[in-house]
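Step one of this worksheet: look at the structure below.
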Amino acid sequence: MKRVITFLALTSWLSSSAVWAACDENIAESTPASRFVLNGGEAYDPQTKLTWNRCSVGTTWTNDAGCIGEVKLLGLDKAKQFAQELGGGWRVPTIEELYSIVEQGCFNPTINSTVFPAVTNVGEGAPYWSDTPVEEIPSLVYFVDFIDGAVDGHSKGFPLAVRLVRSEP
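Anchor point for the sequence shown: position 152 equals 152 in UniProt numbering, and the numbering is continuous, going up by one each time.
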């Protein structure tokens, strides 16, 4: 009976939306916090010359609590529209740009959670849109799942999370 209760408690905890990173200490960090210049809700990456919004769309940066609010899931067209309305050069990243912030040695999440806090498992991972179509199947667009680092494709209307980026001049 004790094993059943322990199993149920563990299963419940693992399936919750909380994200607890697990990192392989034998693998060097691919996106250490020192790689980024943090300025409130923005993270500049001198390596790629990109500025990232540290919070997912739907959440807002606060200096004392990080990203607060609920991640908003959007179809790709709505995500692009949101970025355009936000202004300031924000846009949905390409797959190469988005994959550049995947932390290779970690999972659950596969992103530096100090730089990019509050990645939320939405039930089937933490999928984030890119703006790159799948060449072999143009009706699909690539996304990165920041729970396991997987790259896959989805139709534009499917609601996924969004992390905005802008290029520096």
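Glycine included, each C-beta is placed from N, C-alpha and C at the ideal position.
Which listed residue (the options) has its alpha carbon closest to that of residue i
i: R166; options: I137, E42, V115; result: E42
i: T62; options: P138, D45, A118; result: A118
i: P69; options: L76, S56, E85, E29; result: In the sequence on display, residue 69 carries Gly and not Pro. Ranking the options by Cα distance to G69, first place goes to S56.
i: V71; options: D131, T59, G125; result: T59
i: T120; options: T31, K78, K49, L73; result: L73
i: T94; options: V162, L86, E136, C23; result: V162
i: E136; options: G153, Q47, G105; result: G153
i: E29; options: V115, G123, A65; result: V115
i: D64; options: Q47, L86, I147, G40; result: G40
Cβ-based burial, residue i [other Cβ within 10 Å; buried from 16]
i: S155; result: exposed
i: A33; result: exposed
i: G125; result: buried
Close-in-space but distant-in-sequence residues of the same chain around residue i (CB under 6 Å, 5 per side omitted)
i: G149; result: V102, T110
i: C23; result: G105, C106
Nonlocal neighbours in the same chain, by C-beta distance under 7 Å from residue i, ignoring five residues either side
i: Y99; result: V144, V151
For residue j and residue i, the rounded distance between their alpha carbons
i: L140; j: L164; result: 20 Å
i: T54; j: C67; result: Looking at the sequence shown, residue 54 is not Thr but Arg. Cα to Cα, R54 sits roughly 8 Å from C67.
i: G38; j: Y44; result: Checking the sequence, you will find Leu at residue 38 rather than Gly. Answer to the nearest angstrom: the Cα atoms are 6 Å apart.
i: F158; j: G75; result: 5 Å
i: N26; j: F107; result: 14 Å
i: F36; j: E97; result: 14 Å
i: R91; j: K80; result: 6 Å
i: Q84; j: D131; result: 13 Å
i: S17; j: S113; result: Low local confidence applies: a pLDDT of 40 at S17 is under 50, so the model's placement there is unreliable, with the coordinate-based value given in what follows. So the alpha carbons of these two residues sit roughly 15 Å apart.
i: T51; j: E168; result: 7 Å
i: W129; j: F146; result: 11 Å
i: P138; j: T31; result: 30 Å
i: V122; j: P46; result: 31 Å
Distance CB(residue i)-CB(residue j) smaller than 7 Å
i: P133; j: L160; result: no
Spatial neighbours of residue i in its chain, beta-carbon cut-off 8 Å, leaving aside the 5 residues before and after
i: D77; result: K156, G157
i: T48; result: E97, S100
Residue i Cβ short of 6 Å to the ligand ADP heavy atom set
i: K72; result: Looking for the ligand ADP in the displayed structure turns up nothing, as the structure carries no ligands at all.
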